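What follows is a short report on a single structure.
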Amino acid sequence: MTLEQYKSCVENKGKPKSPEAQIRGWKSRRAGEAFERLIDASCEAYRRAGMAIVEKTPEPMAPIKPLPGGRFIAIFRERAQCDYKGVLRGGWSIAFEAKRTDKDRIYQKAVTERQAQCLGDMYRLGANCFVLVSIRMRRFFRVPWLVWENMADLYGRKYMTEADLAEFEVTASPNRINFLSEEELALKWKA
Numbered sequence: 004m005t006l007e008q009y010k011s012c013v014e015n016k017g018k019p020k021s022p023e024a025q026i027r028g029w030k031s032r033r034a035g036e037a038f039e040r041l042i043d044a045s046c047e048a049y050r051r052a053g054m055a056i057v058e059k060t061p062e063p064m065a066p067i068k069p070l071p072g073g074r075f076i077a078i079f080r081e082r083a084q085c086d087y088k089g090v091l092r093g094g095w096s097i098a099f100e101a102k103r104t105d106k107d108r109i110y111q112k113a114v115t116e117r118q119a120q121c122l123g124d125m126y127r128l129g130a131n132c133f134v135l136v137s138i139r140m141r142r143f144f145r146v147p148w149l150v151w152e153n154m155a156d157l158y159g160r161k162y163m164t165e166a167d168l169a170e171f172e173v174t175a176s177p178n179r180i181n182f183l184s185e186e187e188l189a190l191k192w193k194a
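Quick note: the sequence shown uses this note's numbering, first residue 4, plus one each step.
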């Protein structure tokens with residue numbers, strides 16, 4: 004939760020959410036956590052196989068209230084970086100943002116301006132950048148950064164449908180998403 008979202012919650016304190024909205028929010032958070040766990044398991048499998056070291060970027064937090072015993076209440080600040088970064092065997096950098104939806108399309112605005120700036124900057128320096136998309140936690144897609152960034156020009160709109168995403172689909176199992184390409188997996192150590 005960003006500082007702005009926290010302030011909005013405080014301002015709307017007397018207005019309870021409908022039970023339906025609360026359930027939708029709970030389901031969305033759980034699905035997001037499951038997607039993240041699946042990505043983390045994939046990253047760990049790549050690390051164990053010596054193919055890549057890819058790590059989740061920690062989310063910056065701001066303490067807002069101290070509690071006894073050295074604990075505190077904190078809020079998440081707006082992210083300035085992408086979700087995952089790392090290095091592939093051979094020395095190539097990788098950076099990606101993970102986005103999920105329960106709908107049949109993903110909107111370009113799902114990647115914030117700051118996240119887009121981070122991915123764009125890293126791409127221009129030579130990193131392999133993409134957006135890893137989950138549709139209903141059943142299908143997974145690795146959308147190259149240039150495609151995501153130029154979505155409006157390529158598709159005439161600022162979203163991609165499940166059909167648009169099909170060419171970027173990656174395989175997955177119940178415990179892993181195979182988001183690295185064959186070319187990336189074949190990289191050799193730099194001389």
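C-beta atoms are modelled at their ideal positions from N, C-alpha and C, and glycine is treated no differently. Just so it is clear, the structure is predicted and the values come from calculations on it, not from any experiment.
Drop a sphere of 10 angstroms on the beta-carbon of residue i, count the other beta-carbons inside from all chains shown, and report buried for 16 or more, exposed for fewer.
i, result
"S137", "buried"
"E186", "exposed"
"L122", "buried"
"E58", "exposed"
"A194", "Residue confidence for A194 is low, a pLDDT of 43 falling below 50, so the modelled location carries little weight and cannot support an answer."
"A189", "exposed"
"Q25", "exposed"
"K30", "exposed"
On the DSSP letters alone, give me the boundaries of the alpha helix (DSSP H) that residue i sits inside.
i, result
"V150", "W148 to E152"
"L183", "Looking at the DSSP string, L183 is not in any alpha helix (DSSP H), and its letter there is neither H nor E."
Check the C-beta distance from residue i over to residue j and give it rounded, since I have them as a contact under 8 Å.
i, j, result
"F79", "E100", "Rounded, the Cβ-Cβ distance is 16 Å, inconsistent with contact."
Which residue marks the beginning of the beta strand (DSSP E) containing residue i, and which one marks its end?
i, result
"A65", "M64 to P69"
"T164", "Y162 to T164"
Open item on the list: Ignoring anything shorter than 3 residues, give me the beta strand (DSSP E) runs that lie fully in the region 28-62, in order along the chain.
Closed with: Every beta strand (DSSP E) stretch that sits fully inside the region 28-62 and reaches 3 residues is listed by chain position as 55-59.
Open item on the list: Measuring CB atoms only, is the region 93-110 touching the region 61-76, in the sense that at least three cross pairs come out at less than 8 Å?
Closed with: no
Open item on the list: With three or more C-beta pairs closer than 8 Å as the rule, is the region 48-55 touching the region 128-148?
Closed with: no
- [ ] Report the residue ranges of all beta strand (DSSP E) runs contained in full by the region 78-140; include only those spanning at least 3 residues, in chain order.
- [x] 87-91, 96-104, 108-110 and 131-138
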